[in-house]
Amino acid sequence: MMKYGAEHVEHRFTLSYKESEPRGQWQDIYLAIQMESGQSLPEDLLDPSVLVITNKAGEIVQIVLQDEGCDCEFQFTLSEKAQVESFVEQL
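When the letters of the sequence shown are read in order and numbered with this note's numbering, they come out as residues 5 to 95.
Written out as C-alpha cells, the structure reads:
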C-alpha cells in the first residue's frame, strides 16, 4: 500500500469477507484488511478496506483501496493487488 507517486513499499496483510451487494451490472464486494504481525499501516492510512467491483460473470473490473470507507490517495502494489484478486477468486 502506497500513496500515489510514492516509493514502492510492500505490506503483508490478510483479508476477510465483509459483504457483497449488487449495483446494476456490477457486484460490489467489500473486504476487511488485517495487518500481519509486525506490520504497520502506512502513515496517514487509518482504517483501510477494499472494494472489489466485478461484473455479473465474477470477473474483476476494479480494485479500490479505501480508507474509512471512502476512496483515498493510496493504492495497492502489484503483488498486493494479486493477493486481493486471488482472495476474491476463492469466494
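Heads up, the beta-carbon is just placed ideally off N, CA and C, and yes, glycines get one too. What you are looking at is a predicted structure, and each value in this text was computed from that prediction instead of being measured.
From residue i to residue j, what does the alpha carbon distance come to, in whole angstroms?
{"i": "LYS60", "j": "GLU25", "result": "11 Å"}
{"i": "SER44", "j": "PHE80", "result": "15 Å"}
{"i": "GLU47", "j": "GLY28", "result": "35 Å"}
{"i": "LYS7", "j": "VAL88", "result": "18 Å"}
So, with DSSP's three-state summary, where would you put residue i?
{"i": "VAL13", "result": "coil"}
{"i": "LYS7", "result": "strand"}
Does chain C have any CB closer than 8 Å to the CB of residue i?
{"i": "LEU82", "result": "Of the protein chains in the structure, only one exists, and it is not chain C."}
Thinking residue i and residue j are a contact (beta carbons under 8 Å), I'd like their distance in whole angstroms, please.
{"i": "GLN70", "j": "PRO52", "result": "7 Å"}
{"i": "VAL54", "j": "LEU19", "result": "7 Å"}
Thinking C-beta only, is residue j closer than 8 Å to residue i?
{"i": "GLU14", "j": "GLU84", "result": "yes"}
Cβ pair count under 8 Å reaching 3, the region 74–82 against the region 27–37:
no
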